[in-house]
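The next block holds one structure in the form of structure tokens; read it before the comments.
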Amino acid sequence: MELLKESERTLFFYVVVMKKRRKRRKTYDWQLEIIKGNTTAFYKSTDFDILREFVLERDHYTCQFFLGAWDDGIHKPHFIKPIRATTVHHIIPIKERPDLALDPDNCVSLSHLAHEIVEDRHRFHFKKKKKPITFERWD
Ligand SMILES: [Zn+2]
51 MELLKESERT LFFYVVVMKK RRKRRKTYDW QLEIIKGNTT AFYKSTDFDI LREFVLERDH
111 YTCQFFLGAW DDGIHKPHFI KPIRATTVHH IIPIKERPDL ALDPDNCVSL SHLAHEIVED
171 RHRFHFKKKK KPITFERWD
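Take the sequence shown: its letter number 113 is residue 163 in the working numbering, and every next letter is one higher.
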């Protein structure tokens, strides 16, 4: 254990806890369930709960988007400040890569606001910005 880096040690711990908790419960093939469209069941599952806890701990319950530590390459934070993370977001959506649904490396801790932004839902909650006055065309 001493030879492991801290990140490896926490990942090792995650795998051990996951296996222990799994033993006591019915096991699900989440990859198959997600392919079948059972994503709600997945998000409500203990397996996701364990992953969620692990990722939030790893990221110190801090929103990685507004920390400037992570973005999706499309959206950028409009301020940089440590704020509390409440959500765990899958970087590659589970429907695209069901095999990565329980991979902590495919997950990042986000605040509610950052999550709405990266999922493109925020525009429904805020007033639209003024439209530009003219559209320039160069063709
Ligand atoms: Zn998400």
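Note that the Cβ used here is the ideal one computed from N, Cα and C, for glycine as well.
Inclusion of residue 99 and residue 158 in the CB contact set at 8 angstroms is not warranted, their separation being larger than that value. Counting only runs that start and end inside the segment 104 to 162, there is no alpha helix (DSSP H) element of at least 4 residues.
Between the C-alpha atoms of residue 84 and residue 91 there is a straight-line separation of about 9 angstroms.
Membership of residue 169 in any alpha helix (DSSP H) is not indicated, and neither H nor E is assigned to it by DSSP. Comparing C-alpha distances from residue 93 to each of 118, 166 and 138 shows the shortest one belongs to 138. Residue 81 places its beta carbon less than 8 angstroms from that of residue 148. Here the alpha carbon of residue 167 sits roughly 15 angstroms from the alpha carbon of residue 134. Cβ-Cβ distances below 6 angstroms link residue 171 to nothing in the same chain once the five nearest sequence neighbours on each side are left out.
For the options 55, 164 and 62, the alpha carbon positioned closest to that of residue 101 is the one of 62.
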